[in-house]
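Quick notes on the structure that follows.
Chains as they are written, first to last, in full-length UniProt numbering: chain A, 1 to 392; chain B, 1 to 369.
Below, the structure written as structure tokens:
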């Protein structure tokens, strides 16, 4: 089908099927994460998920056989543009879509793909990611959670940390050391298991923003059936690296999806006002804003070019670290400028004024952007070795 | 990470091959030693390859391949520090002549496109680029037009066959074609820090033929605005080439230089600075390519994008050359290494057609703050 025809069909279909309530700006609470315990905010949200899942458009790039839309790169771009045109909300967001799905497509067995991928596409299972440990942060491959082969099962014991929404997730994809005699990087396997399994417990961590999106997750002799390993034994690090690449592309590219991009300059004028020459009455902030606006245009152009490059069939590889580094550092600056522009008004923390300090909470939350998914320093180390080929 | 069409890929490949073989940094050093800022020999070569007419439409005798292609050539010129009238003549004058039209403009566009003539743009009157601040004036009736004023940083002005000069007639902007040999023109040709030519030109009661008024009023505003936009993006592309060359030499040095018994590239303090520079260069490449594409598409955001590209490249160029010298250490301060040459060219290109502050200010005003 010609792309123009696809566009007009898509436009008509979205017009007919996207409920009006799903065409308004969304806050963090409006995200549809799916899963067993998810409570829809409205019948429209539930309907929107169903019709999009029926089309395969919750995961437009995946093959149709696994619940996807089977769209080409150009068709995906058209769909995204047409959804943006009417401000259609994403019907479903999840770690299953962003991370586990791509890993299964690459490394999963046919049976695993047929079982897990359609569940992700329909938002039936909410996944969380068991990567970091108290002693294994930037040095992720140093993880110590054990998976002992008991014959019938891997018996998993250990502790994970920074597990996003572990307390609300149905299943976990988890890095576990199953080959204790192997080297650091080759002793790890990639296991999938039910968070309802006996021996799993979670404890939310309260952050500086006041929210608790992350948990500590404990495993005490959890029995994991042996067919719930993805790839071979000891292949976990390879899968983890592949998956982190996707995570970094996602974090780098989707700052706008995670944070409302309010108009910084408008906010600043509203809060501070203009001087008699029509310039913002804060020369230092104004200069910083100027540099930021240029840098934002620069990063947007880079994302656009990178997107076209990938749609043309090229792999990004280690360069996903470049997007992650640039995108998250930029977002941190955006959030900092926003609170500076807001002045004392944005110090309000509780109550109803200023949306209960949402700007300030977003600012605090953004500090994690350059830590999660690999710190900025880890990104720079990856680039210096994998791309610049610097020694050591 | 840039996707090029077939024509653009051909241009990029031939620019790389030709300039590295015939007009490399070694050739630049020889010109510098000889005090030669004109490099006359390269003109006919660039003319024969069609590069001098790269943005001049085919019907005026050019190649008409556009600004994205021109940017690829400029980037390679920057990498090799090649001295040529590409920027002044092919891009600035080429765009101005193509934008104004008329018999005189067509005649000079055709000569320019084959490398027979070199033209330079005279816009600046002060140490900083302020193209709207024009004291140079045209007065008198149609049969007795007189030009008075002073222009500075006229790149390649020292050997240009004609100057394209901005002047005010009352409140109207005029673009004038001026023969630097004409009575009343005093030209001071200067060697700049990057061993390229720029002139300061004084006009005293210079007679201007009516036919040499290329454009005035609205038409002149439009032509100048397109010319400066094109110039900004292509200057940024040349500066990108300079910065990438400085960065590449620096990465090489980090891989080979040993101190404390190890390659200095093993030190994380240097690795992270090198990788940060790499990221900055990667994203500014995309911005410059986007700005050049906007010129080719004649799109509405061309003004903003070319200014953003010039402003960002000024900061990244400085980062690349300063980091280059610092990471080389003492040897980076020597004339024997190329780092200093890159730093000087970078400085000159940053000032030419406006620095980061100038263009960032415009963007801020545009946003209403």
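Every residue gets a Cβ at the ideal spot worked out from N, C-alpha and C, and that includes glycine.
8 Å Cβ cutoff met for residue i and residue j
i: residue 309 of chain B; j: residue 288 of chain B; result: yes
i: residue 123 of chain B; j: residue 52 of chain B; result: no
i: residue 378 of chain A; j: residue 138 of chain A; result: yes
i: residue 161 of chain A; j: residue 118 of chain A; result: no
i: residue 86 of chain A; j: residue 101 of chain A; result: no
i: residue 170 of chain A; j: residue 125 of chain A; result: yes
i: residue 224 of chain A; j: residue 148 of chain A; result: no
i: residue 241 of chain B; j: residue 77 of chain B; result: yes
i: residue 375 of chain B; j: residue 2 of chain B; result: Residue 375 of chain B cannot be examined here, being either before or after the span of chain B that is shown, 1 to 369.
i: residue 367 of chain B; j: residue 245 of chain A; result: no
i: residue 156 of chain B; j: residue 117 of chain B; result: no
i: residue 73 of chain A; j: residue 63 of chain A; result: no
i: residue 280 of chain A; j: residue 268 of chain A; result: yes
i: residue 23 of chain B; j: residue 54 of chain B; result: no
i: residue 294 of chain B; j: residue 305 of chain B; result: yes
i: residue 57 of chain A; j: residue 79 of chain A; result: yes
i: residue 165 of chain A; j: residue 91 of chain A; result: no
i: residue 104 of chain B; j: residue 28 of chain B; result: no
i: residue 86 of chain B; j: residue 121 of chain B; result: no
i: residue 318 of chain A; j: residue 387 of chain A; result: yes
Burial state of residue i, where buried means 16 or more other Cβ atoms lie within 10 Å
i: residue 260 of chain B; result: exposed
i: residue 393 of chain A; result: The question about residue 393 of chain A has no answer, for chain A in this structure spans 1 to 392.
i: residue 398 of chain A; result: One cannot answer for residue 398 of chain A here, as it falls past the ends of chain A, which runs 1 to 392.
i: residue 248 of chain A; result: buried
i: residue 152 of chain A; result: exposed
i: residue 255 of chain A; result: Because the pLDDT of residue 255 of chain A is 47, which lies under 50, any placement of that residue in the model is unreliable, and the number read from its coordinates should be weighed accordingly. By the 10 Å Cβ count, residue 255 of chain A comes out buried.
i: residue 203 of chain B; result: buried
i: residue 81 of chain A; result: exposed
i: residue 74 of chain B; result: buried
i: residue 260 of chain A; result: Confidence in residue 260 of chain A is poor, its pLDDT being 49 and thus under 50, which makes the residue's placement too unreliable to answer from.
i: residue 199 of chain B; result: buried
i: residue 268 of chain B; result: exposed
i: residue 212 of chain B; result: buried
Beta-bridge pairing of residue i - partner residues as DSSP gives them
i: residue 18 of chain A; result: Its beta-bridge partners do not exist; DSSP assigns none.
i: residue 122 of chain B; result: B:165
i: residue 242 of chain B; result: Bridge partners of residue 242 of chain B: none, in fact.
i: residue 225 of chain A; result: A:153
i: residue 146 of chain A; result: A:157 and A:177
i: residue 186 of chain B; result: B:202
Three-way DSSP call (helix, strand, coil) for residue i in this model
i: residue 363 of chain A; result: helix
i: residue 361 of chain B; result: helix
i: residue 43 of chain A; result: helix
i: residue 87 of chain A; result: coil
i: residue 219 of chain A; result: strand
i: residue 424 of chain A; result: Summary: the structure shown does not reach residue 424 of chain A, with chain A confined to residues 1 through 392, and so no result is reported for it.
i: residue 265 of chain A; result: helix
i: residue 5 of chain B; result: coil
i: residue 278 of chain B; result: helix
i: residue 204 of chain A; result: strand
i: residue 10 of chain B; result: helix
i: residue 349 of chain A; result: coil
i: residue 164 of chain A; result: strand
Best match in the options for proximity to residue i [C-alpha to C-alpha]
i: residue 344 of chain B; options: B:318, B:144, B:366 and B:353; result: B:318
i: residue 146 of chain A; options: A:197, A:176 and A:275; result: A:176
i: residue 233 of chain B; options: B:68, B:3 and B:195; result: B:68
i: residue 96 of chain B; options: B:163, B:159, B:34 and B:132; result: B:163
i: residue 227 of chain A; options: A:190, A:242, A:207 and A:16; result: A:190
i: residue 180 of chain A; options: A:220, A:132, A:233 and A:198; result: A:233
i: residue 248 of chain B; options: B:180, B:30, B:300 and B:321; result: B:321
i: residue 241 of chain A; options: A:78, A:286, A:141 and A:291; result: A:141
i: residue 106 of chain A; options: A:238, A:150, A:23 and A:199; result: A:238
i: residue 192 of chain A; options: A:103, A:209 and A:84; result: A:103
i: residue 167 of chain B; options: B:180, B:150 and B:183; result: B:150
i: residue 250 of chain A; options: A:40, A:94 and A:272; result: A:94
i: residue 421 of chain A; options: A:41, A:16, A:36 and A:15; result: Outside the displayed span of chain A (1 to 392) sits residue 421 of chain A, for which this structure offers no information.
i: residue 312 of chain B; options: B:330, B:236 and B:244; result: B:236
i: residue 170 of chain B; options: B:145, B:137 and B:214; result: B:137
i: residue 362 of chain A; options: A:380, A:351 and A:332; result: A:332
i: residue 225 of chain B; options: B:175, B:106 and B:326; result: B:175
i: residue 209 of chain B; options: B:227, B:189, B:183 and B:197; result: B:183
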